[in-house]
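In this note's numbering, the protein residues as written are -5 to 287. Data block below; observations after.
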């Protein structure tokens, strides 16, 4: 199989006066040649390989030719398998929690209440970044669950699918608050999003025929706590996030494998988005008749 090195436009294709120069950096002399294409390559463009030194263009070309590895649920396998999105969400949430103390009024600007849906709908998501300033356990518990479940789900789903799951579960929690809570009551916290992760994990474990009794008991206990007076927990957000998580878990787990799986999964996610938009609109226009009439 022959290899044709990429073109570099107006750059010279011959080495002046027999001195080897790097094609990417013609002002740099290099006596080291790429083991694949044979061109000189300077220190900046050299990449170590199993058969010696290769130039950056040959390495990039080889990487593009390699098939993309996919997880069992269609996500792209990431090098190292680290849940980068999970870590990023935890970092952003922790930073927001600190800013709640440093910036007066920040919580008031980001919290969510049903009555604010029409004028400031972004609060349906930003409320998931806030946590109770008087109860450190609130953020610690949610972030621990996010760390534990995200560490399992993100490598399975891939970063994009996991992020979509978290965001839509958070919004789903707010939609349930819009429908089931007094619109004047403000809510904060990532519990809805975390319950969405629980829901997706339940479906995935069931599809893989893994014992999910422990997760089911954990979900049930936390749901019950939301109904106990004095705990000041929004059970509505828990229920909304859980429903969205169950729906998206089913999309990820039961979409048939094949070349169209990714397309079908994203179509399913789009359907969930559309459903949340419709429910938000209906919930908003029905607020006057539900609470004022």
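Ideal placement from N, C-alpha and C gives every residue a C-beta, glycine not left out. Predicted model, so just to flag it, every value in this text is computed and none were measured.
In the DSSP output, what is residue i paired with across the bridge?
i, result
"residue 49", "40"
"residue 17", "According to DSSP, which records beta bridges pairwise, residue 17 is partnered with nothing at all."
"residue 181", "106"
"residue 34", "27"
Tell me whether residue i, by its Cβ, gets closer than 7 angstroms to a heavy atom of the ligand MG.
i, result
"residue 142", "The model depicted lacks the ligand MG and carries no ligand whatsoever."
Quick one, are the C-beta atoms of residue i and residue j less than 8 angstroms apart?
i, j, result
"residue 147", "residue 196", "no"
"residue 104", "residue 121", "yes"
"residue 13", "residue 23", "yes"
"residue 131", "residue 79", "no"
"residue 169", "residue 277", "yes"
"residue 19", "residue 36", "yes"
"residue 285", "residue 177", "yes"
"residue 249", "residue 262", "yes"
"residue 165", "residue 118", "yes"
"residue 209", "residue 141", "no"
"residue 185", "residue 251", "no"
"residue 91", "residue 143", "no"
"residue 158", "residue 201", "no"
"residue 160", "residue 183", "no"
"residue 69", "residue 193", "no"
"residue 87", "residue 149", "no"
"residue 49", "residue 40", "yes"
"residue 45", "residue 57", "no"
"residue 234", "residue 227", "no"
"residue 108", "residue 175", "yes"
I need the DSSP call for residue i, collapsed to helix, strand or coil.
i, result
"residue 97", "coil"
"residue 23", "strand"
"residue -4", "Note that residue -4 has pLDDT 46, beneath the 50 cutoff, so the model's placement of it is unreliable and no number is given."
"residue 7", "With a pLDDT of 44 at residue 7, under the threshold of 50, the modelled position of that residue is not reliable, and no figure is offered here."
So the candidates are the options; which of them puts its Cα closest to the Cα of residue i?
i, options, result
"residue 245", "260, 214 and 234", "260"
"residue 213", "223, 202, 188 and 285", "188"
"residue 123", "141, 129 and 106", "106"
"residue 163", "236, 216, 174 and 205", "236"
"residue 229", "207, 171 and 270", "171"
"residue 255", "45, 41, 56 and 67", "67"
"residue 77", "128, 115, 154 and 49", "154"
"residue 94", "223, 128 and 173", "128"
"residue 15", "29, 34 and 81", "34"
"residue 269", "283, 241, 43 and 253", "241"
For this session: Scan the region 202 to 245 and note each continuous alpha helix (DSSP H) run of 4 residues or more that stays entirely inside, going in chain order.
Result: 207 to 219
Problem set entry | Continuous alpha helix (DSSP H) assignments of at least 4 residues falling wholly in the region 117 to 195 | Counting only runs that start and end inside the region 117 to 195, the alpha helix (DSSP H) elements of at least 4 residues fall at 117 to 120, 130 to 151 and 153 to 174.
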